Structure formats: C-alpha cells, structure tokens
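S.K.: In our numbering, the protein residues as written are 489 to 1094. Got a structure for you, questions after.
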C-alpha cells in the first residue's frame, strides 16, 4: 500500500515529500521510519528506538508492517537519506536509534559540552570555602547535610546538578552557595545570572533569593553582590521568533561567570544544547530541579538523564568529608557527570508524618497498592473521592473557590491573590469532563448564572485567566495568571509584578484562557495551599507516575484526589520513559564512546 494512505499529520507529510525529492526510490520502510521519528519528537522522544517498532504494524488499522530489526537497519544504512554521526544527511542512525539530524546534533553537542565543562576544575581556596560552608549551613542538623555538600561541589566544579523534591531547600542551597562563591578570592567580580524556563518560574526564583539573602550571615558587600533579577532562558539567549537560531552562541557567548537555572526539569534538549553552547567554557553552570517531575513539553528529559549514575568516588568522598565535616556516602558513580550531581532528600516542608510526603514517596516507588492504601487512611492532609462525578466535582470547585470569589468582589489585589493561591484545581489533560477545558467552561457558566450574567458576557469579578501568548510590549508571558477585579475605572485584569500589581483593560490582553483549572504541566514550579487533582475516567497515555507526583506535590497543606482507583493504579505503575541517548553518551565507558556527531553548522540544515 502507499504511504500516502497512512494517517500522517501535515508535518510528517511535508517531511516525507522532502525526502522523496531527495531520493525518489526510497524504500517504504525508510520513509515510514522518518515519519515515526517525526511523530516520536512530537511525543517527547529525541529519537526513534527501532527495536520498539521492528516487525510491527505502527498503524494497526493498516496492513503496512515494518521489517525485522536487522533487515530494517540494513535498509536504512543502504539509503542515501540515512547516515552515520557526522554525515550530511537528514536522518542519522546510531545503533538502534534513528534521529532527525538536528536532534542528533543537539544531543551529541550537549554531551560534549557537559563533559568538557565537568572536566574543568576551577581554582578554589578550600580553607575559605570550609569557613563559608560552616557559617552558611550552621542551621542544618541533618547528617549528611546534602545542602552543604551540594554547595561544596558547586563551588569546586564548573558544573553542578542539584535535584530535590518540594521543600528540600533548593533555593536555600543556591543562595548560600552563591554567597560562598562571592566569598572566594576575586568573587566580588563574578557576573552571576539567574534564569528559568518560564517567566513565572524566573519571577519566583528572583523573589525567593531576594527574601533569603537578608538572613545570610555574610557581609553587606556579599549581600549586595547577590543577583536579584532573573530572566527566562529564551530572553537570556535572545530568541529570534520562529528561527531555531538565537543571538547568543559560541561565537557570541553570554557575558556571565556563573549561571543558575531553576526548574531545569522543564528544559528540553534543544534549549539546553543552545544554552550550553552560549555559556563561556570557564563559566560555572548550576542546574536546579526535581528529577521526578514531569519532563519538558518538547523533546527530551535532559535533567532526569543528567541525574542518572550519581555517586562519589572514595577520593571525592574523603575530600568532601575533610571540607564539610560531613560523613559522605561513597557510591561509585556510573556517569562521567556523576560527581557533579547531588540529590537533596530531606524535606523541610513535609514532616515525617506528612501524608503528602509519604504519598509522594509511594508514587515515586511505583507502589500502587501502597498508594491506594494510604489514600484510604484518615489523613488530615489527604482526601480521595474514589467515585467522582462531573456535577459533584463542579460543586466542589465552586465551594473551593468561594473564599476567593468573595475576596475578588472587594477588588483588593493582595487579598484576592492570596485567596486564589489557597486552592487550585489541576487536571491531567485538556479535554473531557475532567479536563481543563471542560472544567473551566462549566465553572464559568455556573458562576455567570450565580451573578445573573448572560452567557455571552466574558468578564466578571473573579474571572481568572492564564496568558497563552507572550506579549513583550505589555510584559505579559505565557503562563502568567491574571485576576479580573472591580476598580474605580471598571473591571481590570490584575497581574502580579516585581514592583507590585499591574492592571490591564480586558481588551488589551494577549491570547488567554480561563484558569480556575489548569493542567499539571502548567502548574510546574507553582505552590498552592490546597490542591484538587482530577484524573480522567478513561485510560489515558498522559497518566504517568511523574504527572501524579508533580500534581500532588504542588500542595503545601492538603491534596484532594478525584480519581477512580483504576486510573490511580495505572498512573503509579506507568513510568514515562523518553527515548534518548544522552545518558548513554554520559555513562562511564564500558565500550566504544559514541560518535561526537555532526559539525555545529549542520544544526540549521534539517
């Protein structure tokens, strides 16, 4: 049968048309592999794992079947469309992994940049560092004190990867390690940058550092040198609209000596590769995130791959023990980046008897039965509605937002935002009765009826919206939350800003959606006092361990789950794994090192 009959999207069809112009007689299994690679990228995979599809029918409703693995690999190698790493071809084959050339280049380039950075050790005054660590982390009583060890490694190396769940003190750690860096000889001259994937995450990071530095046991000069502003990664690099190129790269590097990136688990492969390319080789890079959270929306799970193989050699463990006075576990690293990675494990938010903390541990451990058993207990910070219904859910949402809606009628921004952040509804997907779109539309209609408004009226006091399109002129960005409040001039949409609240006429807003319910993906990096998480009634590929963990850990005090037991079990037992080769490229060599990949100027060709 013809590939033209297959259920392909416009992007896959455009790719195949381009490939057939390059090789009119291309084998159908080669073209199918290209289409599947394109689809894999859309699903978050960096490459196509051939073994996953070999011998199968990728589109079950059609009779088309792929060859066995060895035969398929032979056909791919015989095609002029496919080359080895470094070849000038649109597709790159590395063993059982097939890449679009651009993404193979991103991955190979990123691996080389990371390995080059981790091998460079900066000059450090360890006597002064030991004094700084003792003073800055004197409040910690845990043994070992992983915050102190993370700071020590970040000062002693040009690359630090710090992972920890909510409440483990990532911001506390970074502000103190930056203070320790500034106390090093010449530290006062360091150019330090703060960045995050989204404007919301950047603003939270800057605010947290501004609040934390006032309590530091350091000189006023060190406090003054600590940065107070953060930018999105796209603005930092100088994004050029629809072009894959950015203003800052190896030929025009960022003017920084230290870069701290928060919420690094949200950074995709392409963006991380561009970031490393733009960072001067001698600059320190500190990545903060949670390896168990949802990965980036785009292709790749870079942060999780970087955290694989963490450990310390006996030599490094002894050095850290001498420097910090801590007893350091000695687990041999399995990655060439392993010693740059520190996992923060002690949660200061969730105490030992916390239901949310225990639920997070059971979810991450893949313990579905234990998760359901815990939800069945009478825990003050956990609630479970095991037989959810759409109408009952809407009534619960209206009840949950009642304090906020009352505060919104008064029009005082501080009270309105505090009340809105006290309760938040999250959903796994956008569509369906338990999806974001359905919940927002139904709740909007319900609230309008309560207020006696016509269905066509869009705005009312208390309507919450999320910006979905960046507007640099207004300073509003994708993910920003605005609340519609009454003012002397009429209804205005209020947004939190660095210097207070900003009011906009409703007609001036860029593209936006209602935001009483938001997806778990959009909630990443946010914290709410109480969270209601609704899962769909039907099985969904979106239901994974990472999504469930991310959703429940947005709550500081209480989680309420509206989900069938079967959906909860499926989510806990489904570990989302993205096909990629970065972890393999960074692993300690047990065989030949993977090829380095194509030259940089090939990045823009395919």
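Cβ coordinates follow ideal geometry from the N, Cα and C atoms, glycine included. What you are looking at is a predicted structure, and each value in this text was computed from that prediction instead of being measured.
#1: Let's see if you can read the secondary structure: which residues bound the alpha helix (DSSP H) around residue 560?
#2: Expressed to the nearest angstrom, what Euclidean distance is found between the alpha-carbon atoms of residue 926 and residue 920?
#3: Would you call residue 981 buried or exposed, if buried means 16 or more other Cβ atoms sit within 10 Å of its Cβ?
#4: Quick check on the burial criterion: 16 or more other C-beta atoms within 10 angstroms. Buried or exposed for residue 559?
#5: Can you list, in chain order, the residues of its chain whose CB lies under 7 angstroms from that of residue 976, leaving out five sequence neighbours each side?
#6: Does the Cβ-Cβ distance between residue 687 and residue 720 come in under 8 angstroms?
#7: Just verifying my parser: in three-state terms, what is the DSSP assignment at residue 1009?
#8: Rounded to whole angstroms, what is the Cα-Cα separation between residue 1053 and residue 1047?
#9: By Cβ distance below 8 angstroms, which residues in the same chain neighbour residue 1060 in space, the five residues on each side in sequence not counted?
#10: Between residue 991 and residue 934, what straight-line distance do the alpha-carbon atoms span, to the nearest angstrom?
#11: Taking the alpha carbon of residue 777 as the reference point, which residue from 979, 530 and 661 has its own alpha carbon closest?
#12: Closest to residue 709 by C-alpha separation, out of 669, 783, 739 and 842, would be which residue?
#13: Where DSSP assigns a beta bridge to residue 1046, which residues make up the other side?
#14: Helix, strand or coil, according to DSSP, for residue 606 in the structure here?
#15: Mind reading off the beta-carbon distance from residue 966 to residue 953? Whole number of angstroms is fine, and I expect it under 8 angstroms.
#16: Which value, in whole angstroms, describes the spacing of the CA atoms of residue 449 and residue 863?
#17: If you draw a straight line from the C-alpha of residue 1077 to the C-alpha of residue 603, how long is it?
#18: Can you give the Cα-Cα distance for residue 563 and residue 516, rounded to whole angstroms?
#19: Take residue 783 as the anchor and find which of 527, 501, 1072 and 531 has the nearest alpha-carbon.
#20: Do you know how far the Cα of residue 576 is from the Cα of residue 643?
#21: Measuring straight from C-alpha to C-alpha, what distance separates residue 651 and residue 887?
#22: Excluding sequence positions up to five away, which residues of its chain have a Cβ less than 6 angstroms from the Cβ of residue 872?
#23: To the nearest angstrom, how far is it from the Cα of residue 1093 to the Cα of residue 592?
#24: Would you tell me roughly how many angstroms separate the C-alpha atoms of residue 813 and residue 1038, rounded to the nearest one?
#25: Considering only residues of the same chain and omitting the five flanking positions on each side of residue 529, which have a CB-CB separation below 8 angstroms?
#26: Look up residue 829 in the DSSP assignment and say whether it is helix, strand or coil.
#27: Tell me where the alpha helix (DSSP H) around residue 526 begins and ends.
#28: If residue 1040 and residue 1021 are in contact, beta carbons under 8 angstroms, what's the gap, nearest whole angstrom?
#29: Considering just the uninterrupted stretch of the alpha helix (DSSP H) at residue 872, what are its terminal residues?
#30: Taking 8 angstroms as the cut-off, does the region 766-775 touch the region 577-585 (at least 3 CB pairs, one atom from each stretch)?
#31: Apart from the five residues on each side of it in sequence, which residues of its chain come closer than 6 angstroms, Cβ to Cβ, to residue 500?
#32: Expressed to the nearest angstrom, what Euclidean distance is found between the alpha-carbon atoms of residue 600 and residue 1015?
#33: For residue 748, report the span of its alpha helix (DSSP H) as first-last.
#34: Since residue 924 and residue 1005 are thought to touch, with beta carbons under 8 angstroms apart, how far apart are those beta carbons, to the nearest angstrom?
M.R.: Quick look at the numbers:
#1: Along the chain shown, read from residue 1 onward, the residue named residue 560 stands at position 72. In the DSSP assignment, residue 560 falls within the unbroken alpha helix (DSSP H) covering 557-566.
#2: Translated into positions along the chain shown, residue 926 becomes position 438. Translated into positions along the chain shown, residue 920 becomes position 432. Cα-Cα distance, rounded: 6 angstroms.
#3: Along the chain shown, one-based indexing puts residue 981 at 493. By the neighbour-count rule (16 or more Cβ atoms within 10 Å), residue 981 is buried.
#4: Here residue 559 refers to the residue found at position 71 of the chain shown. Under the 10 Å beta carbon count, residue 559 is surrounded by fewer than 16 other beta carbons and is classified as exposed.
#5: Within the chain shown, numbered from 1, the residue matching residue 976 stands at position 488. Sequence-distant Cβ neighbours of residue 976 in its own chain, meaning closer than 7 angstroms and more than five residues away, do not exist here.
#6: Numbered from its first residue, the chain shown carries residue 687 at position 199. Numbered from its first residue, the chain shown carries residue 720 at position 232. Cβ distance < 8 angstroms, so residue 687 and residue 720 count as in contact.
#7: By one-based count along the chain shown, residue 1009 stands at place 521. Of the three classes helix, strand and coil, the one that applies to residue 1009 here is helix, per DSSP.
#8: Taking the chain shown and counting its residues from 1, one reaches residue 1053 at position 565. Taking the chain shown and counting its residues from 1, one reaches residue 1047 at position 559. Spanning the two alpha carbons is a distance of roughly 16 angstroms.
#9: Working through the chain shown from its first residue, we reach residue 1060 at position 572. The answer, listed in chain order, is 850, 851, 854, 855, 856, 859, 1033 and 1036.
#10: Reading the chain shown from its first residue, position 503 is the one you call residue 991. Reading the chain shown from its first residue, position 446 is the one you call residue 934. Going by the C-alpha atoms only, they are around 26 angstroms apart.
#11: Against the chain shown, residue 777 aligns to sequence position 289. The candidate whose alpha carbon is nearest that of residue 777 is 661.
#12: As a working mapping, residue 709 is identified with position 221 in the chain shown. Among 669, 783, 739 and 842, the Cα nearest to that of residue 709 is on 669.
#13: One-based indexing of the chain shown puts residue 1046 at position 558. Paired residue(s): 1018.
#14: Position 118 of the chain shown holds residue 606. Three-state DSSP puts residue 606 in a helix.
#15: Working through the chain shown from its first residue, we reach residue 966 at position 478. Working through the chain shown from its first residue, we reach residue 953 at position 465. Between residue 953 and residue 966 the Cβ distance is about 12 angstroms, and since that is not below 8 angstroms, they are no contact.
#16: The structure shown has nothing for residue 449, since the chain only spans 489 to 1094.
#17: If you number the chain shown from 1, residue 1077 lands on position 589. If you number the chain shown from 1, residue 603 lands on position 115. Approximately 13 angstroms between the Cα atoms of the pair.
#18: Position 75 of the chain shown holds residue 563. Position 28 of the chain shown holds residue 516. Between residue 563 and residue 516, the C-alpha separation is close to 10 angstroms.
#19: Within the chain shown, residue 783 is the residue found at index 295, counting from 1. When only C-alpha atoms are compared, the closest one is 531.
#20: Here residue 643 corresponds to residue number 155 of the chain shown, with the count starting at 1. Here residue 576 corresponds to residue number 88 of the chain shown, with the count starting at 1. Cα to Cα, the separation comes out at about 40 angstroms.
#21: For the purposes of this step, residue 651 is taken as residue 163 along the chain shown, with counting starting at 1. For the purposes of this step, residue 887 is taken as residue 399 along the chain shown, with counting starting at 1. Their backbone Cα atoms lie some 36 angstroms apart in a straight line.
#22: Taking the first residue of the chain shown as 1, we reach residue 872 at position 384. Closer than 6 angstroms at the Cβ level, and outside the excluded window around residue 872, lie 863 and 1049.
#23: If you number the chain shown from 1, residue 1093 lands on position 605. If you number the chain shown from 1, residue 592 lands on position 104. With a pLDDT of 27 at residue 1093, under the threshold of 50, the modelled position of this residue cannot be trusted, and the question is left open.
#24: The sequence position of residue 813 within the chain shown is 325, counting from 1. The sequence position of residue 1038 within the chain shown is 550, counting from 1. Roughly 34 angstroms separates the two Cα atoms.
#25: If you number the chain shown from 1, residue 529 lands on position 41. Excluding residues within five positions, the ones whose Cβ falls inside 8 angstroms are 588, 591 and 787.
#26: Taking the chain shown and counting its residues from 1, the one referred to as residue 829 is at position 341. Correct three-state label for residue 829: strand.
#27: As a first step, residue 526 is located in the chain shown; it is residue number 38 there, counting from the start. Here the alpha helix (DSSP H) through residue 526 covers 516-530.
#28: Here residue 1040 corresponds to residue number 552 of the chain shown, with the count starting at 1. Here residue 1021 corresponds to residue number 533 of the chain shown, with the count starting at 1. So it is a contact: roughly 6 angstroms between Cβ atoms.
#29: Numbered from its first residue, the chain shown carries residue 872 at position 384. First-last for residue 872: 870-873, but that is the beta strand (DSSP E), not the alpha helix (DSSP H).
#30: no
#31: Sequence index remark: in the chain shown, residue 500 carries index 12 (1-based). 523 and 526.
#32: Here the question's residue 600 lines up with position 112 in the chain shown. Here the question's residue 1015 lines up with position 527 in the chain shown. C-alpha separation (whole angstroms): 35 angstroms.
#33: Within the chain shown, residue 748 is the residue found at index 260, counting from 1. Premise fails: residue 748 lies in the beta strand (DSSP E), 746-749, not in any alpha helix (DSSP H).
#34: Here the question's residue 924 lines up with position 436 in the chain shown. Here the question's residue 1005 lines up with position 517 in the chain shown. Taking 8 angstroms as the upper bound for CB-CB distance, residue 924 and residue 1005 are in contact here, some 5 angstroms apart.
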